[in-house]
Amino acid sequence: MIKILLFAHLQEELGKDKLEVELDSISVGELKTKLKDTYSLTQLDQVMVAINEEYAINEDVIKSGDVVALIPPVSGG
Amino acid sequence: MIKILLFAHLQEELGKDKLEVELDSISVGELKTKLKDTYSLTQLDQVMVAINEEYAINEDVIKSGDVVALIPPVSGG
Amino acid sequence: MEDKLYEIIEEPIQLHKLVEKVQRREAGAITTFIGTVREWTKGKKTVYLEYQAYKPMAEKMLAKIGEEIQSKWPNTQVAITHRVGRLDISDVAVFIAVSSPHRKAAYEANEYAIERIKEIVPIWKKEHWEDGDMWIGDQLEKVAYPSGKPNVKGMNEHD
Amino acid sequence: MEDKLYEIIEEPIQLHKLVEKVQRREAGAITTFIGTVREWTKGKKTVYLEYQAYKPMAEKMLAKIGEEIQSKWPNTQVAITHRVGRLDISDVAVFIAVSSPHRKAAYEANEYAIERIKEIVPIWKKEHWEDGDMWIGDQLEKVAYPSGKPNVKGMNEHD
Chain A
353 MIKILLFAHL QEELGKDKLE VELDSISVGE LKTKLKDTYS LTQLDQVMVA INEEYAINED
413 VIKSGDVVAL IPPVSGG
Chain F
353 MIKILLFAHL QEELGKDKLE VELDSISVGE LKTKLKDTYS LTQLDQVMVA INEEYAINED
413 VIKSGDVVAL IPPVSGG
Chain P
172 MEDKLYEIIE EPIQLHKLVE KVQRREAGAI TTFIGTVREW TKGKKTVYLE YQAYKPMAEK
232 MLAKIGEEIQ SKWPNTQVAI THRVGRLDIS DVAVFIAVSS PHRKAAYEAN EYAIERIKEI
292 VPIWKKEHWE DGDMWIGDQL EKVAYPSGKP NVKGMNEHD
Chain X
172 MEDKLYEIIE EPIQLHKLVE KVQRREAGAI TTFIGTVREW TKGKKTVYLE YQAYKPMAEK
232 MLAKIGEEIQ SKWPNTQVAI THRVGRLDIS DVAVFIAVSS PHRKAAYEAN EYAIERIKEI
292 VPIWKKEHWE DGDMWIGDQL EKVAYPSGKP NVKGMNEHD
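Residue numbers (the numbering used here), protein chains in the order written: chain A, 353 to 429; chain F, 353 to 429; chain P, 172 to 330; chain X, 172 to 330.
Laid out in structure tokens, this is it:
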């Protein structure tokens, strides 16, 4: 199981702050495609992915038990 | 009468924080020469002069009643 | 170390406490940056802001910025606090303090910190105007990250 | 205006009070510079410092620096306090706060202020070491003012 944390407009679009998907392993790129198809999330191209609180690239592999975060362009400061 | 305020090492060299000289008018440059001769003040070349709280140049004229300050190179901050 | 140098908090930020975190006998200069909620942005009047953070990762990224600074400007000390939740006009959103033996490094490092916060720290701002609201992201102001991810290796250019 | 924006004082400087003097609804950024007494300078250990000011002229020159800043960086607000008397290690000698709608101006204006203080404000520092003391002047670090007087028209270059 992979836990996916949602923030900002993604959280509002889906009406929840996390998703759980039953998968053993998936690349970041594949996960983004899957999320686009399943939840019709917009603007996902500009969304970064963090695995266990570290930024990841499309080729990185997410494993069951990992905590994934979808990080829209940040606007702190 | 012209009042001359002294600060920092000048104050310590002369053992006082002001001088009073009986003059009607004198240029800044002339005053510096006079002070060098009379009080053997050292390092007066690098000392600025302010008349009534404004920086002055050697050609400016000091008049009786003015408050003059000898301003050694500053070191605030 | 009793105080956390890098913090995401919900309460008002205590300015003098943050300065104390970086004050040292070898420091001659402390610079601070205080980011406050501005009333007008690009002609629109802000009523209030809402900040959200991915807190554990945000604190980790703030600490990473501190490490970057200490490697670029040796013998600096850094503390950063970002507030989240609802913030009204003039409230302090972010507070950065940098101490250094000499002032030049303290200014440069401080400016570097705020630039990097805007690049890599997972914090989001929602603008609330009189006629609506919107989550703000760099997509509204800048191009997308060309490399497909934020420059997490350390910034080379200031804007 | 209830508070003085430009002050020479003998008591410890209250940081948050100075920040309040420049906080405004149109400000999005406040930068501060806190100059503290450093223990080691050029290999010599400072025991304490003594600052002396020609107070009325010093306050006038601080105000002049504020005016220069407001003409170079429009819509900034500036407050500067310098402390005089005996200061121990880590005590705050000077505190500069600049607010601005945007951060770039707040950083630049703040750095300009400290550079200008070191040029034109009649304040002197006496170093007290374990084996002696000395009034410090720029003559020990830099050449004399080339024009025979400090550049009171406004600085053009930063060092």
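Note that CB positions come from ideal geometry on N, CA and C, so glycine has one too.
If you compare the alpha carbons of F:429, F:415 and F:369 with that of residue 220 of chain X, the shortest gap goes to F:429. For residue 252 of chain P, the pairing in a beta bridge is given by DSSP as P:178 and P:266.
In this structure, residue 298 of chain P lies near residue 212 of chain P, with their beta-carbon atoms less than 9 Å apart.
Restricting attention to A:417, A:413, A:375 and A:406, the CA atom closest to the CA of residue 229 of chain P is found in A:406. C-alpha of residue 268 of chain P to C-alpha of residue 369 of chain F: approximately 40 Å in a straight line. Residue-level contact by beta carbon fails for residue 308 of chain P and chain X, as no gap is shorter than 9 Å. In the three-state DSSP reduction, residue 225 of chain P falls in the coil class, being neither helix nor strand. Taken atom to atom, the span from the alpha-carbon of residue 404 of chain A to that of residue 427 of chain F is near 52 Å. With a 10 Å radius around the Cβ and a threshold of 16 neighbouring Cβ atoms, residue 409 of chain F comes out exposed. In the DSSP assignment, residue 202 of chain X falls within the beta strand (DSSP E) that extends over 200-207. Comparing alpha-carbon positions, the option among X:182, X:197, X:191 and X:206 lying closest to residue 266 of chain X turns out to be X:206.
Only exposed fits residue 372 of chain A, as fewer than 16 other CB atoms lie within 10 angstroms of its CB. Under the DSSP definition of a beta bridge, residue 408 of chain A partners with A:401. For the stretch 176-204 of chain P, the beta-carbon criterion of a distance under 7 Å to any beta-carbon of chain A is satisfied by none of its residues.
Counted as a single uninterrupted DSSP element, the alpha helix (DSSP H) harbouring residue 389 of chain F occupies residues 380-391. Rounded to whole angstroms, the gap between the alpha carbons of residue 402 of chain F and residue 189 of chain X is 29 Å.
In this structure, residue 183 of chain X lies away from residue 255 of chain X, with their beta-carbon atoms at least 9 Å apart.
Counting the other CB atoms within 10 Å of its CB gives residue 400 of chain F a total of 16 or more, which places it among the buried residues.
Here DSSP, grouped into helix, strand and coil, assigns residue 427 of chain F to coil.
Sequence-distant partners of residue 236 of chain P (beyond 5 residues in either direction) whose C-beta falls short of 6 Å from its own C-beta, in its chain, are 284 and 287. Contact of residue 296 of chain P with chain A by beta-carbon distance below 8 Å involves 427 and 428. Distance from the CA atom of residue 296 of chain X to the CA atom of residue 304 of chain X, rounded to whole angstroms, is 10 Å. In the three-state reduction of the DSSP assignment, residue 189 of chain P falls in the helix class, which pools H, G and I. Between residue 354 of chain F and chain X, the shortest Cβ-Cβ separation is not below 9 Å.
Residues of the stretch 239-269 of chain X with a C-beta less than 8 Å from any C-beta of chain P: 260 and 261, listed in chain order. About 12 Å separates the CB atoms of residue 241 of chain P and residue 193 of chain P; that is not less than 8 Å, and the two are not in contact.
Residue range 274-291 is occupied by the alpha helix (DSSP H) that includes residue 290 of chain P.
When Cβ-Cβ separations below 9 Å define contact, residue 300 of chain P makes no contact with chain X. At a cut-off of 9 Å between C-beta atoms, residue 290 of chain P does not count as an interface residue with respect to chain X. Taking 9 Å as the cut-off, the Cβ atoms of residue 261 of chain P and residue 218 of chain P do not count as close. Where residue 374 of chain A is concerned, there is no enclosing alpha helix (DSSP H), because DSSP gives it neither an H nor an E. Residue 236 of chain P has a beta carbon lying at 9 Å or more from every beta carbon in chain X. Residues of chain P whose Cβ lies closer than 7 Å to the Cβ of residue 375 of chain A do not exist; the shortest such Cβ separation is about 21 Å. Neighbours of residue 206 of chain X in chain P, taken as residues whose beta carbon is under 9 Å from its own, are 199, 200, 201 and 274 in chain order.
Looking at the DSSP output, residue 257 of chain X bridges to X:221. At least 9 Å separates the beta-carbon of residue 244 of chain X from that of residue 198 of chain X.
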